[in-house]
Structures are given as structure tokens and as C-alpha cells.
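In UniProt numbering, the protein residues as written are 1 to 903.
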Amino acid sequence: MSAHTAKRRRLSPSPDDPSRTQNAGAYSGSNRNNLTDSDASKTSRKADFSTLRTSGRAKNDRSAELALASGFYKSTFFKLQLDELLNGSRPNYDKHVSRLQETLHKLKGVIECLPDRPPKSTLEAEKELRGTYGITVPFPEPRPAKDAKYTVSYSKPTNINVVGSFSLRTGAKSDAPLTVDLAVTMPSTLFQEKDYVNYRYFHKRAYYIACLAAGIREAEGLNLTVKFGLQDGDSLRPVILLEPNGTENKGYLPAKSQIRIITAIEDSLYPISRTLPSKNNIRQGSTDAPVSHESTPFYNATLRSEAAVAQYHKFLYNAARNCESFKDACILGRTWLRQRGLSSSPYKGGFGGFEWTALMALLFEGGGPNGKPVLLKSYSSYQLFKATLQFIAGRDLTIPLLFSATDISSPDGVPVLYDGKRGLNVLYKMAPWSYTFLRREANTTVRMLNESRDDNFDKVFIIKVNEPLLRFDRIVKLPAPDSANILRNLRSQNAVYDVIVRALGDRADLIHIYGDVSKPWAVDAKPNYKSESQGVFVGLTFNTDNAERVVDHGPSAEQKEEAASFRSFWGEKAELRRFKDGSIRESLVWTDEKSSPSIVYQILAYILRRHFNYTEDDVVFIGDEYDSKLREGGDDVFSYSSSSFQAITDAFSSVQRSIQEMDGVPLTVRHLAPSSPSLRYTALRLHGAAGVASNPADIVLQFESSARWPDDLKAIQMTKVAFLIKIGDSLKSGGVASACRVGLENESTGLLNSSFLDITHTSGIVFRLRIHHEREQLLLERQLKEKGASPLAKQQVAYALSAYKRLFIQTPRLTQAIRTLCTRYPLLSPTIRLVKYWFNRHLLAGHVNQELIELLVVRVFTQSYPWDTPSSVMAGFLRTLHVLARWDWQQEPLMVDFGELNK
């Protein structure tokens with residue numbers, strides 16, 4: 001996990017040049033035009049922060065006031081941050097166009113001059129390209145059969161167009177190279193009527209891509225490195241990636257940029273009715289045929305997306321032209337998605353920049369109640385962004401939403417946003433788990449944007465939220481798939497997901513499967529997907545109320561079908577039991593011994609072995625080691641409700657009752673407050689931590705106000721000693737304490753508390769009682785204000801006042817607050833203790849107060865954004881380190897919000 005450094009943003013946005021215009025055009029046929037579509041130039045408002053004396057100008061900015069009043073932006077400061085983010089995220093398209101134009105013109109000329117290749121069998125055509133040009137055809141799995149009856153050929157493209165975010169100017173800067181999508185439309189004459197079945201279209205497409213790669217690599221003057229890659233991680237759609245070869249001469253492809261050649265076909269080549277989600281286009285006899293009559297929605301949609309390239313480019317261009325804020329909203333959406341690790345690849349969620357842009361464009365047309373638009377063209381970029389997130393979070397698209405279509409059937413449980421005009425389910429790359437994950441992230445972000453106490457700008461747009469160790473409570477790593485076929489891999493992931501969902505039940509609130517995206521490879525080699533892949537990962541977010549449940553109740557014995565299904569799923573682990581209420585049920589019993597792995601681990605290890613033959617060596621389980629490390633360093637104590645903490649709490653309650661009931665003291669007891677880590681469930685070591693006099697548990701006693709106290713600090717300390725002697729005698733006579741000893745501290749000064757009472761409870765636990773008298777604070781403050789005192793004397797009084805507040809006011813108040821929070825958040829106590837263990841192991845404990853460590857962890861639980869509240873020790877611990885790593889303590893105060901406990 002890499003450390004995240006705090007980003008310093010300059011708050012005065014750089015104004016756009018009002019003279020700057022956006023050039024138009026796309027390559028179409030043989031015409032030579034500019035690279036991007038025309039768009040009216042826009043000017044941005046200028047914010048002047050030169051001096052504080054000119055602040056009145058901002059008040060006179062009526063347009064800004066109207067924007068805020070109408071809800072265009074969350075706040076003035078939020079708008080300033082948003083403007084700066086947009087200014088820093090927009091690529092300089094004019095500069096890129098001027099530098100890329102010559103390379104694109106040359107590339108277009110090379111492609112148009114490539115010779116046609118006559119029809120040949122796939123085997124013969126592949127041998128020719130490999131032998132003559134050293135090109136390995138990137139056929140998707142399953143490869144064409146050796147006796148395939150169809151042929152492959154190459155003809156000049158009917159169109160070559162620049163498409164995608166570069167042409168639309170909807171992209172956002174990132175660490176990845178700037179990508180220019182060049183869509184090459186394949187002639188319809190290359191295909192037959194039935195090529196949409198059994199991968200035939202994709203085999204012919206792969207050959208066409210290989211012919212383009214051969215011609216481009218042989219061409220002179222391009223100075224480009226040619227590689228193969230996958231379009232959005234889809235093995236059905238290999239693409240050509242052209243990168244600079246290091247030449248810096250003018251007119252060549254600049255560094256940190258690449259051209260991606262994708263394919264397209266005429267939208268009329270295959271009718272939409274053939275590629276509906278309910279159709280099966282992988283027939284019996286194919287090596288990858290699914291169950292008979294089972295639909296192939298992903299395969300169909302991938303084919304349809306090839307036919308919709310030009311249609312979507314036109315559709316999105318019109319949306320950007322009709323709404324001034326559309327492009328900026330796309331930038332915000334892309335930034336939000338990137339920070340959460342989401343992209344168009346099915347292995348990374350299946351929802352990326354294109355899906356966001358297409359969704360917004362469709363929501364201008366409908367999606368609301370009675371088919372009304374969700375988005376309005378008058379919205380600001382922030383309103384478009386937030387309304388889109390609200391739609392994602394609030395509208396369950398597993399109930400299909402159809403645009404310009406009726407009666408479109410699809411598999412249950414998958415999201416459907418069907419664009420009838422273009423015949424595509426925009427969300428076809430999403431699985432049930434990734435859709436649940438997307439909605440959860442959108443819902444969290446909407447809650448952040450609706451929060452009034454903080455604008456949460458950094459947490460929405462700046463912080464990288466996609467670190468799995470910070471996001472999930474457990475991570476399960478499974479072996480990499482053997483197959484390079486994306487359909488098989490997705491089916492395998494679906495099977496794993498279904499089994500884990502059923503096995504964990506309500507133990508997990510979120511189950512998310514993700515993996516690696518294939519890297520580009522040389523055109524003369526075959527991709528080795530398995531060696532590149534790190535495996536398939538399953539991220540789990542727990543339900544803390546149910547995750548550690550020992551016994552699972554299944555169906556009753558009378559429910560014959562359900563009981564049979566239960567036994568079939570669980571095998572020998574299922575057993576019939578009679579419970580105290582008299583019911584007889586199928587059940588599962590797990591081990592909760594301290595030496596055993598977590599119950600979730602036991603469940604997953606068993607069920608993955610039973611259903612997928614995964615051994616313990618095949619599965620890597622990340623997360624349990626944090627719990628084990630806490631037990632190792634914390635006296636084998638995990639929860640705040642453990643017997644060790646309970647013994648200290650019970651002993652304190654016993655002392656508290658005895659003190660409140662004692663008669664030998666002339667003043668009435670107001671309250672006895674705990675003031676120790678062991679009494680707020682945050683002490684790391686418990687066996688002996690509060691059981692010996694060298695490390696007792698602090699408690700603070702306060703009497704009701706009385707005028708009988710002396711008005712001198714030294715006399716007050718002597719009075720406290722007398723009280724402590726009386727209290728000790730009373731506790732010993734009452735049988736609560738086996739021993740009581742009055743001790744002295746701070747004897748060299750008459751300003752600090754100088755006495756305490758060590759109470760050894762009959763259980764052996766030792767408490768250190770001090771008396772709090774509120775008049776001490778008044779006397780110290782009075783001395784601090786006296787004139788004529790030396791600086792040294794004032795310094796001593798100021799220190800004494802600070803020590804008084806810390807000992808008698810702040811620490812008891814903190815103890816009570818954390819005690820309350822530990823009951824509200826059961827994982828707060830073990831997380832604090834593990835963080836303390838980390839500080840100890842790094843030799844930092846002597847330099848950092850325990851209270852500061854506790855407050856750092858409390859902040860993670862009470863101010864958990866951009867994530868939800870931690871539901872594991874691992875998540876809480878690592879997020880605390882994340883806060884610590886990002887905290888610029890020299891510039892920013894660390895604010896900890898206790899909610900209503902602040903009062």
C-alpha cells in the first residue's frame with residue numbers, strides 16, 4: 001500500500017483564454033479534416049484573490065451568488081475547488097491536436113494504401129502473415145478450427161474516424177498516456193450473413209487487425225512502435241496500440257501519448273434483433289457453447305458495440321453541443337471513477353468513462369418518472385455530476401430501464417440500461433457484484449455531497465479510494481484462470497460469486513470480484529494471459545453483527561426440498577439439530593476457539609474446496625493476520641467485551657458503589673469517573689496492566705460544591721490527603737479493598753495535584769484515585785492573570801493549569817466518550833489496541849501520547865468517508881495509517897468529530 005501525500009492546491013483558478021477555440025473535424029473517408037468536433041469557445045469566471053481588501057468584489061459577483069442560490073454548486077469554496085480541479089484536469093487539446101495531426105494524417109494515408117488480400121482459410125492466412133511479416137494473428141479463444149468452412153480477407157476501410165474522448169474533448173488528465181481512438185470501419189463485403197454466430201465475426205476481425213498491424217509496421221516514416229492490446233480488457237476485441245519509438249522530431253507522436261486503432265462495422269450489417277440480450281449466438285457444436293438455449297448477452301452486446309461506434313460518437317457529440325456543462329461533467333465523472341478504480345474493463349467493474357458519458361446523454365432524454373428527463377441542459381457540471389450519481393444510487397437497474405424499446409428480456413440479476421435506438425445495453429460489461437459495488441460507491445458519495453459540516457471535496461475527487469486493503473475487510477486471492485476466453489472467465493467468476501454469496505449469507509454486506517487487465521504484447525508473439533495475471537481477487541465487506549456467528553440455522557426438517565438443497569450445497573458439514581425452542585433444523589456449526597482461523601475463513605476454505613476443488617495452497621486469505629497479531633501483542637484479548645476488560649469494569653463498579661455509599665466523609669460524592677485506557681477498553685496489555693501498583697487504573701472523584709474548602713492551593717492539597725485517608729479506611733472496612741495506600745506526587749511544587757490513593761480491589765486490580773476540586777482551576781487562572789509575576793512563575797502556573805485540565809477534565813471526558821463509542825463500534829477497541837501495538841513496535845510509543853493515538857483511530861470510525869465505517873480490524877488499522885500518512889500536521893489541524901458526544 002503506497003503512502004498518499006497530501007496535495008496542496010492553489011485556490012485561485014487559472015482563467016481560460018477567451019480567444020481559445022476548439023477545432024473541429026474527424027477523419028471520414030479520404031477527406032482530410034481537423035481532428036476534433038467544433039465547439040464554441042467558453043470563458044471561465046475569474047476569481048481575484050490578490051488582497052483581502054478586494055474581497056468586496058466577490059460579494060458583487062451576482063452571477064456567483066445566483067449560481068449558489070439556485071443550487072448550482074455546494075458552496076463558494078467548493079466551486080473554487082471544482083474550478084481548479086477542472087482547469088487542472090482538462091487536457092490541452094489544441095496543443096495535442098497540433099502535435100498529433102501530422103502523425104494521424106500519415107497513418108491514415110498508410111492504412112488507405114494497404115493492398116487488399118484475397119479470401120483464404122484461417123490457417124493459410126495466419127501462416128502467410130507469420131511467415132512474411134512476422135505477425136501473429138491475435139485470434140480470440142476459441143481459435144478457428146483447422147477445418148473452418150469460412151475464409152478471411154482484407155479490404156480497404158470504408159471510413160477512418162477519430163472517435164472517443166479525445167475527439168469529444170471529454171477526457172481527463174491522468175498518469176496513463178493520452179489515448180487517441182482511431183476507428184477503422186471494416187467493409188461489409190468481408191462478412192457473411194451468419195458471421196455473428198460462433199465467434200466467426202471476431203476471428204475475421206482479428207485477421208483484419210493483424211493485416212493493419214503488418215502494413216503499419218512495414219510503412220516508412222511513421223516512427224511508431226506497434227503492439228497488440230485488448231479493448232477494455234475484452235479478449236474478443238484485440239486492438240492495435242501505436243506508441244512513440246523515442247524519436248523527438250517534429251511531427252511525430254509525442255511522448256506519453258498513444259494511438260489506439262479499434263474496429264467498427266456498418267450498423268446495418270447485422271440487425272439488432274440478432275444481438276438482443278436474450279439471443280444465443282454461440283450454438284451447439286462450438287467448443288465454448290453454453291448450456292442449450294442459454295442466452296449470450298455479453299457476446300451479443302460486444303458484437304453490437306462494434307456496429308454502434310459511429311452512432312454513439314454522433315449521439316455524444318450532440319449531447320456535448322446541446323449542453324455547455326456536459327464536457328466538464330464528464331471530466332468530473334471520469335475523475336470520480338478513476339479514484340475508485342472503476343473502468344470499462346469487465347475485470348475492473350465494467351463502468352468507465354464511456355459508460356458514464358453515455359448514461360448522462362441518455363438521462364437528457366428520459367429515465368425519470370413517466371419517462372421525463374433526469375438531467376436538464378441548464379444544469380451546471382456539478383449538478384449533472386451529482387444528479388447522475390443520485391440516479392445510479394437510487395434507481396435499481398436490475399429492473400431494466402429501456403430507452404426507445406419495449407419487451408426486451410435479459411438474464412435476472414444483471415443491470416440493464418437498454419438503448420433501443422442503438423440496440424445496446426450500455427451496462428453489458430457489469431456483473432451483479434460490480435453493479436452493487438458501483439451503487440454503494442455512488443450512495444456514499446451522495447451522502448458526502450449532502451453533508452453540511454464538510455464539503456468533502458478531497459474525499460470525492462482527490463483521495464485514491466481504490467486501494468483494496470483500505471476498502472475491504474478481507475481479500476481472497478484465487479488462482480488465475482486457465483482460459484483466455486473472456487466468456488468462460490466471466491462464467492467462472494459468476495459461479496464463484498453465486499457460491500460465496502450463498503455460503504456467507506448475511507455475514508457480508510458486499511462481495512466484489514476484480515482482476516487484472518491484460519497488458520499490451522508484441523505483434524510477433526502470443527499473449528500469455530495467465531503468466532501476467534496475479535489471480536482473481538474477491539473483496540469482502542463484513543456485517544459486523546453477523547460475521548462471527550458460530551451456528552447457522554438452515555431449513556427445518558419438514559421443508560424437504562429446501563433441506564435437500566441445503567445438504568447438497570454444504571455436504572458433510574450440514575447436520576440435523578434440535579434447538580432449545582424445540583425446532584429441528586439443518587444447521588452448520590463453526591469453531592470459535594482463539595487458535596482457530598476466523599469463521600469467514602473456515603466457511604470459504606471449506607466451500608471453495610467442495611465446489612471448485614481449491615486447496616489451501618490455491619487460496620490466499622488476507623486479513624486474519626491482523627486479528628492474530630492483536631491477540632499476540634495484546635494478551636490474547638480481542639474484543640472490549642472480553643472477560644479481561646469485564647473484570648476491570650466490574651471492579652470499578654464495585655469501588656464506585658462503595659464510595660457513593662460511604663458515610664465517613666463529610667461531603668457528598670458527585671461522581672466517580674474512569675480516566676484510564678484500561679477503563680475505556682483501549683489498553684494494549686491487560687494481564688497485570690491494571691493489577692499491579694506500578695501501572696494502576698486512574699479514576700477521578702469529585703464532591704459536590706462546598707464553601708468549606710480552603711481558598712489556597714497548598715491547603716487544598718493537604719485537605720485532599722485527609723479525604724483520601726478517610727476514603728481508604730472506609731473502603732477497607734467495607735471489604736471492597738484489600739489494601740489502600742496514600743501516595744504523594746509533584747511534591748516540589750504547590751501548584752499541581754500532590755496526592756492520590758491506590759486502591760487494591762479484592763480481585764487484585766489496582767485503581768489510583770485522585771480528587772478533583774473545581775476551585776483549583778479558578779485559583780490557577782487568577783494567579784495567571786496577576787500582574788508583576790515573573791515570566792518563569794507564569795510559565796509554571798500555565799503548565800499547572802494545563803496539567804489540571806488534562807488530568808481532571810479532558811481525560812475523564814475522553815474516557816467516557818471512547819467507552820460509549822466502543823459499545824457503538826465494537827471494532828474500535830481492537831483497532832486502537834492494534835495501532836498502539838504498531839507504535840510500540842516502531843519505538844514511537846514514548847513520543848506520542850496514548851490519547852492522540854486513540855483520537856486518530858476514533859476519527860477513522862466517526863469520520864469514515866470516503867469509505868464506510870470500518871467493519872474489520874484490518875480496515876480500521878490501515879485507514880488510521882492512511883490518515884496519519886496524509887496528515888500535514890504543520891499546516892492543518894486534525895479535527896475529530898464525536899457527534900453528539902461533543903456536547
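Every residue, glycine too, gets a C-beta built ideally from N, C-alpha and C.
- If only uninterrupted alpha helix (DSSP H) runs of at least 4 residues are considered, those enclosed by the segment 153 to 235 are 164 to 168 and 200 to 218.
- Between G367 and L401, the C-beta spacing is below 9 angstroms.
- Beta-bridge annotation (DSSP): V620 is paired with K477.
- Out of T151, P238, P138 and Y133, the CA that lies nearest to the CA of E124 is found in T151.
- In this structure the segment 434 to 445 does not lie against the segment 584 to 596, because fewer than three pairs of beta carbons, one per stretch, are closer than 8 angstroms.
- Your pair R770 and P696 does not check out as a contact, with CB atoms roughly 11 angstroms apart and the cut at 8 angstroms.
- Per the coordinates, the alpha-carbon of S167 lies some 8 angstroms from the alpha-carbon of V180.
- The criterion of a C-beta distance shorter than 9 angstroms is not satisfied by W590 and I607.
- For the options R609, V619 and I853, the alpha carbon positioned closest to that of L894 is the one of I853.
- A Cβ-Cβ contact shorter than 9 angstroms links L684 with K836.
- By the Cβ criterion, the segment 570 to 584 is not in contact with the segment 508 to 522, since fewer than three pairs of Cβ atoms, one from each stretch, lie closer than 8 angstroms.
- With a cutoff of 9 angstroms on beta-carbon distance, Y626 and F877 are scored as near each other.
- When DSSP states are grouped into helix, strand and coil, Q493 belongs to the helix group.
- Cβ neighbours of L470 within its own chain (closer than 8 angstroms, five residues either side excluded): M1, W867, A875, L878, R879 and H882.
- Rounded to the nearest whole angstrom, the C-alpha separation of K372 and F403 is 11 angstroms.
- A direct Cα-to-Cα measurement between T719 and E786 gives close to 25 angstroms.
- Between the alpha carbons of L269 and P244 lies a distance of about 35 angstroms.
- Rounded to whole angstroms, L490 and Q258 show a C-alpha spacing of 29 angstroms.
- When C-beta atoms of the segment 324 to 340 are compared with those of the segment 374 to 385, three or more pairs fall below 8 angstroms, so the two segments count as touching.
- Scanning Q783, L679, N198 and D618 for the CA closest to the CA of P479 turns up D618.
- With respect to the C-alpha of L303, the residue from A213, H313, Y199 and A525 having the closest C-alpha is Y199.
- The three-state reading of DSSP puts Y514 in strand, counting E and B together.
- Beta-bridge annotation (DSSP): E243 is paired with T225.
- Just so you know, the alpha carbons of H203 and G229 end up roughly 16 angstroms apart.
- In the three-state scheme derived from DSSP, where H, G and I count as helix and E and B as strand, E365 is classed as coil.
- Burial state of S829 is buried, judged by a 10 Å Cβ sphere holding 16 or more other Cβ atoms.
- The C-alpha of G221 lies about 55 angstroms from the C-alpha of N450.
- Within the same chain, and ignoring the five residues on either side of G341 in sequence, the residues whose Cβ sits closer than 7 angstroms to its Cβ are K348 and N466.
- Taking a cut-off of 8 angstroms on C-beta distances, the segment 137 to 156 touches the segment 109 to 122, as three or more cross pairs fall below it.
- Here R741 is not near L731, since their CB atoms are 9 angstroms or more apart.
- Following the DSSP letters along the chain, one finds P254 in no alpha helix (DSSP H), marked with neither H nor E.
- For C740, the beta-bridge partners assigned by DSSP are I759.
- Taken through DSSP and simplified to helix, strand or coil, H882 comes out as helix.
- Fully contained in the segment 600 to 644 are the following beta strand (DSSP E) runs of length 3 or more, in chain order: 620 to 622.
- Beta-bridge partners assigned by DSSP to Y150: none are found.
- Counting along the chain, I584 sits inside the beta strand (DSSP E) bounded by residues I584 to V589.
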